DNA sequence: TTAACATATGAGCATATGTTCAGATGTTAT
DNA sequence: ATAACATCTGAACATATGCTCATATGTTAA
């Protein structure tokens with residue numbers, strides 16, 4: 123087990139204790155993957171704008187295309203991605219779908235992100 | 123100006139008022155871009171693990187390769203990306219570089235992200 | 001049921017991204 | 001100065017991603 127750690131390091135393992143600790147506390151592949159997937163979803167200018175618009179009010183797809191100035195198809199594709207990540211939800215009223223944020227996490231993530239970016 | 127908004131919508135603009143408001147409050151292209159870039163940087167399993175390891179303690183590059191089980195070259199490339207985004211910093215001690223988190227934003231972003239992912 | 005509208009979806013294409021490989025750079029010890 | 005080590009970097013390649021275009025789906029009104 124410790125050998126395994128050392129074997130992985132092809133040169134010299136400088137701080138075995140730190141490495142052992144870090145490995146013990148490390149996120150599972152699955153969790154790290156989900157987290158990365160979430161951030162990757164937020165990592166696109168179109169989706170950032172889209173989410174930001176929805177942060178203030180609900181909008182139908184047509185509205186969104188007007189707000190962010192993209193084709194309806196592009197917006198629809200992006201909305202699907204956001205839906206899959208459970209970042210947005212929608213309600214239907216007739217043939218119109220109204221999208222809104224699914225929870226408050228996005229707002230908090232944006233806050234933190236903006237703090238980092240603008241400092 | 124209002125015409126511009128309406129022109130962009132090739133079908134029917136359903137909620138002109140909402141669209142106008144949303145456009146007024148919208149992030150600038152630049153800010154949205156920076157924000158997206160930040161999240162994109164967090165949107166990779168390797169980098170998530172790397173940052174998570176550094177969240178608890180500083181590590182040298184060799185340690186990191188051992189912790190996350192990737193080649194030294196891959197780790198080095200990723201560290202550069204994180205450096206460029208000012209997410210990590212390093213101090214040199216002899217030939218060894220010790221990396222650590224640049225600020226506390228990552229930790230908060232991870233918190234929020236994990237909450238979303240695990241709920 | 002048919003036409004019109006709002007939205008969704010699949011395929012295709014161009015670009016972006018992550019890893020590997022080979023070699024470069026910078027630091028310390030000899 | 002030279003060798004050894006820790007880390008970095010550029011090029012190359014395979015995969016992932018975002019947009020567009022054409023078409024499909026679902027809803028309402030006629």
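Protein chains in written order, with this note's numbering: chain W, 123 to 241; chain Z, 123 to 241.
Heads up, the beta-carbon is just placed ideally off N, CA and C, and yes, glycines get one too.
Just so it is clear, the structure is predicted and the values come from calculations on it, not from any experiment.
Nearest chain W C-beta to residue 217 of chain Z closer than 8 Å, yes or no? no
Just tell me which of Z/139, Z/163, Z/227 has its CA closest to the CA of residue 240 of chain W. Z/227
Are any of the Cβ atoms in chain W nearer than 8 Å to that of residue 147 of chain Z? yes
Quick check on residue 218 of chain W: does DSSP put it in helix, strand or coil? strand
Proximity below 8 Å, CB of residue 175 of chain Z to CB of residue 186 of chain Z: yes
Does the beta-carbon distance from residue 162 of chain W to residue 165 of chain Z come in below 8 Å? yes
Within 10 Å of its beta-carbon, does residue 199 of chain Z have 16 or more other beta-carbons around it, so buried, or fewer, so exposed? exposed
Going by DSSP in three states, residue 145 of chain Z sits in which element: helix, strand or coil? helix
Per DSSP, the bridge partner or partners of residue 211 of chain W: W/222
Integer Cβ distance of residue 208 of chain W from residue 224 of chain W, believed to fall under 8 Å: 5 Å
List the endpoints of the continuous alpha helix (DSSP H) containing residue 195 of chain Z. 194-206
Would you mind reading off the limits of the alpha helix (DSSP H) that contains residue 237 of chain Z? 227-240
Buried or exposed (CB count within 10 angstroms, at least 16 for buried), residue 188 of chain Z: buried
Going by DSSP, name the residue or residues bridged to residue 182 of chain Z. Z/220
Is the Cβ-Cβ distance between residue 238 of chain W and residue 160 of chain Z less than 8 Å? yes
Would you call residue 234 of chain W buried or exposed, if buried means 16 or more other Cβ atoms sit within 10 Å of its Cβ? buried
Please name the residue in Z/220, Z/211, Z/179 whose C-alpha comes closest to that of residue 144 of chain W. Z/179
Within 8 Å (strictly less), CB to CB, does residue 204 of chain Z reach chain W? no
Distance between beta carbons of residue 171 of chain W and residue 149 of chain Z, contact taken as under 8 Å: 6 Å
Whose C-alpha, out of Z/181, Z/169, Z/210, is nearest the C-alpha of residue 196 of chain Z? Z/169
Is residue 190 of chain W helix, strand or coil by DSSP? helix
Where do the ends of the alpha helix (DSSP H) carrying residue 155 of chain Z lie? 151-164
So, are the CB atoms of residue 157 of chain Z and residue 201 of chain W less than 8 Å apart? no
Counting only the same chain and skipping the five closest in sequence on each side, list residues whose C-beta sits under 7 Å from that of residue 192 of chain Z. 168
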